[in-house]
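Following: one structure in structure tokens, then a few remarks.
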Amino acid sequence: MEDMQLLLNNANIFIFSDCVKNFEALTKILKQKSYNNIKNTSNYDLAVNYVKENIQDIILIDISENDKIGYKICKILKTDKELREIPIIFICSKENNDKEELFSVGGVDYICSCFNELEVVVKIEMHLKLRFMELQLEKIKNENSNSISELQRTNEELINLNKVLKKEVSEKNQQFEEIALELKEFNVVLEEEITERTKTEEALKESERQFRYSLEEAPLPIMLYTEDGNIKTINRTWVEITGYTIKDMSTISKWAEVSEIFKLDLADNNIKKLSTSKKRQNDGEYIVKTRKSNIRFWNFYSAYIGELQDGHKLFMRVAIDITERKNIEELRRSVEDERKKLYEIKEYDRIKTEFFSNISHELRTPINLIFSALQMHDLKLKKCSFPDESIDKYKYTKIMKQNCYRLLRLINNIIDITKIDSGYFDICEQNVDIISLIENIVISVADYVESKGLSLIFDTDVEEKVIACDLEKMERIILNLLSNAVKFTPNGGTILVNVQDIGENISICIKDTGRGIPKDKLNTIFERFIQVDKSLTRDHEGSGIGLSLVKSLVELQGGTILVKSHINEGTEFIIQIPCKLVDEVEEEFSFCDSIGKNYIEKINIEFSDIYK
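Remember, this note's numbering sits 281 above the position in the sequence shown when you count from 1.
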């Protein structure tokens, strides 16, 4: 994993984009993940020439504004034999780019120009991993191919050497016969013949020495043994791979503990079959356990050599180490399994997202019908009179409305969560006076909070601060956190909303004196569908989506959120939003324009699961 992470960090990433904003956003995301080798150009000719001269690991082409040039570059790269395997990811807008066309020209994936950080990092890292694994497979394949070629060449040399030896032995036998005849016929040349015989013996010894040397230095594991199970020799390659010497394992019965192949030699019928055969036989592939308990895969071949001077039959066993081939096959199966899993995960996520989106939209219609009926009922109740004026004639309609608001809140949250997951959630930033925005929200809910027996305090160290943010999303964030504070703070408690300018960020702190969150739950408080109290008897309602959505809304605006809490002392949520401005917006908002006739309904929705 460390080697793969190092490869990812050193990956060469090339971005073709004529949109500076997109390039800067991508570069920022990638550098946060330690990707440093990033190159960029917006010139068509420079892009093509640079990639041809500097092979890249992955290429990102921005077609959000001009897809014709991007497709043209992709087609040119895919026609180049050296560049066609480089994965190309398109950066596209979600409205005006044909997804089928970008795949047809050779793209492997695409990223929406709204740039979800998790999507960008996961997709680039996934395709880089696949790219590096394919390169590794190709390298191993080439090395294995070279090894097999070397083995075949060595085998041919051994065969040729064996032919030479047979020829020499035949020639020497013929010479011996001629010498014998000459000894009988020419006794006078006995001394010369003895000298010739001495030379012949020396040649045979040299031939034997060369054979032993070839056997010892052969790159294939080789063993010589007799029919009674005694090992005559094993060469250096055999010893280096297994770790066992002939002193450690001197008999076939001992080697039977290392590999199943040697158990065949313990059977008499196998030895007889081998000794009567004039051809080598392939014994098959077997596992061999080394001295260090490693597992190797060998393909064994056996052959009968002949009889020794003591009458024992000599056999040869040669092995080809196919461990690397087996590992490559296993790696390929693993890669294919991972691809299938990735496809299944994507398909499941797509089906889940579609289901939540459809069911959420379907639920809105009956809820709106219930609201309409309740409004008609309230109009009729106004015209009704009751003998007992102390009776709250709107009691049950209030209960029904509150629960309808609660259902609307759940539906809105589910729809937004599914949009965020699918990358179609829009953030509409505008320049807003964040101090005025937060203060107006606090003022709007002050009466409601005080009616629950709580104190609500707003404090700030700066009177005005204009930053770029999504006004509606900030309202939902603050209202959600205030709703939680009200829900979990007992009567007599205090809720403090504090806004501070800390330089590059605006810090928004919402602190209460409620029951607090257990320490072991702080790490999961922002996870989806997680609730601190999961019991059936819990005294507060909730779906477990709110804080997860809050975290996503904060992060989509470039901010962060963290929580501090102590049991029976209270909880503090701290949000930091970057101090930036958007140049495209002509009008700046110094106050919260959203506080109007629809704002009461927003509060009712966000505070709908408070029943105390």
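Even glycine gets a Cβ: it sits at the ideal position worked out from N, Cα and C.
Q. If we count the other Cβ atoms within 10 Å of its Cβ and call it buried at 16 or more, is S298 buried or exposed?
A. So S298 counts as buried.
Q) What does a CB cutoff of less than 6 Å around L762 pick up in its chain, not counting 5 residues either side in sequence? A) Here the set comprises I791 and F854.
Q: Look at the alpha carbon of N653 and the alpha carbon of Y686, and state the distance between them as a whole number of angstroms.
A: One point to set straight first is that residue 653 is Ser, not Asn, in the sequence displayed. For S653 and Y686, the gap between their C-alpha atoms comes out near 13 Å.
Q: Have a look at the DSSP bridge pairing and note the partners of W579.
A: BP columns for W579 point to Y567 and D602.
Q: Would you kindly work out how many angstroms separate the C-alpha atoms of E635 and D697, rounded to a whole number?
A: Roughly 12 Å between the two C-alpha positions.
Q. How many angstroms separate the CA atom of K302 from the CA atom of T523?
A. Approximately 60 Å, taken between the alpha carbons.
Q | Contact under 9 Å by Cβ, I354 with A328 | A | Between I354 and A328, the CB-CB gap stays under 9 Å.
Q: Just the C-alpha distance for N501 and S428, rounded to the nearest angstrom, thanks.
A: Looking at the sequence shown, residue 501 is not Asn but Leu. Those two C-alpha atoms are separated by around 11 Å.
Q | Cutoff 6 Å; reference A749; Cβ partners in own chain excluding five residues on either side | A | Cβ neighbours of A749 beyond the five flanking positions: E710, N712, K861, L862 and V863.
Q) Could you give the distance in angstroms between the alpha-carbon of E753 and the alpha-carbon of K800? A) Each residue's Cα considered, the two are about 32 Å apart.
Q: In angstroms with no decimal places, state the Cα-to-Cα distance between K553 and K513.
A: Approximately 19 Å between the Cα atoms of the pair.
Q: With E268 as the anchor, note down where its beta strand (DSSP E) starts and where it stops.
A: The question about residue 268 has no answer here: the residues shown for the chain are numbered 282 through 893.
Q | Status (buried if at least 16 other CB within 10 Å, exposed otherwise) for F872 | A | Low confidence applies here, because F872 scores a pLDDT of 44, under 50, leaving its location unreliable; read the following figure in that light. By the neighbour-count rule (16 or more Cβ atoms within 10 Å), F872 is not buried but exposed.
Q. To which residues of the same chain is D618 closer than 8 Å at the C-beta, ignoring the five residues directly before and after it?
A. Cβ within range, chain order: n/a, list empty.
(Q) Assuming contact is defined by CB atoms lying nearer than 9 Å, are I370 and K359 in contact in what I supplied? (A) No.
**Q.** Same chain, Cβ closer than 7 Å to N318, five either side skipped, listed in chain order
**A.** Cβ-Cβ distances below 7 Å link N318 to N291, A292, N293 and I294 in the same chain, with the five nearest sequence neighbours on each side left out; the list follows chain order.
Q: Between the Cα of D740 and those of E415, L777, E452 and F384, spot the shortest distance and give me the residue it belongs to.
A: Here the closest residue by C-alpha is L777.
Q. According to the Cβ coordinates, are E744 and L718 closer than 9 Å?
A. Between E744 and L718, the C-beta spacing is not below 9 Å.
Q: Go to N321, then tell me how far its beta strand (DSSP E) extends in each direction, as first and last residue.
A: In the DSSP assignment, N321 falls within the unbroken beta strand (DSSP E) covering I319 to T322.
Q) Name the DSSP bridge partner or partners of D714? A) Note: D714 sits in a beta bridge opposite V747.
Q: Write down the C-beta distance between R561 and S583 rounded to the nearest angstrom, noting that I regard them as a contact closer than 8 Å.
A: Contact flag correct, Cβ pair sits at about 7 Å.
Q: Please classify R577: is it buried, with 16 or more other beta-carbons within 10 angstroms of its beta-carbon, or exposed?
A: Counting the other CB atoms within 10 Å of its CB gives R577 a total of 16 or more, which places it among the buried residues.
Q | Bridge-paired residues (DSSP) for N779 | A | In DSSP, N779 forms a bridge with D740 and C790.
(Q) My output table needs one value for P859: the three-state DSSP class, helix, strand or coil. (A) Here DSSP, grouped into helix, strand and coil, assigns P859 to strand.
Q | Identity of the residues DSSP links to D343 by a beta bridge | A | In the DSSP output, where bridge partners are listed per residue, D343 has I372.
Q. Where do the N-terminal and C-terminal ends of the beta strand (DSSP E) with F295 fall, by residue?
A. Residues I294 to F297.
Q: In angstroms with no decimal places, state the Cα-to-Cα distance between E628 and F706.
A: Distance between the alpha carbons of E628 and F706 is about 20 Å.
Q. For the ligand MG, is there a heavy atom less than 8 Å away from the beta-carbon of N293?
A. You won't find the ligand MG in this model; it holds no ligand whatsoever.
Q: Please name the residue, chosen from Q781, T770 and V844, that lies closest to R796 on a Cα-to-Cα basis.
A: If we check each option's Cα against that of R796, T770 comes out closest.
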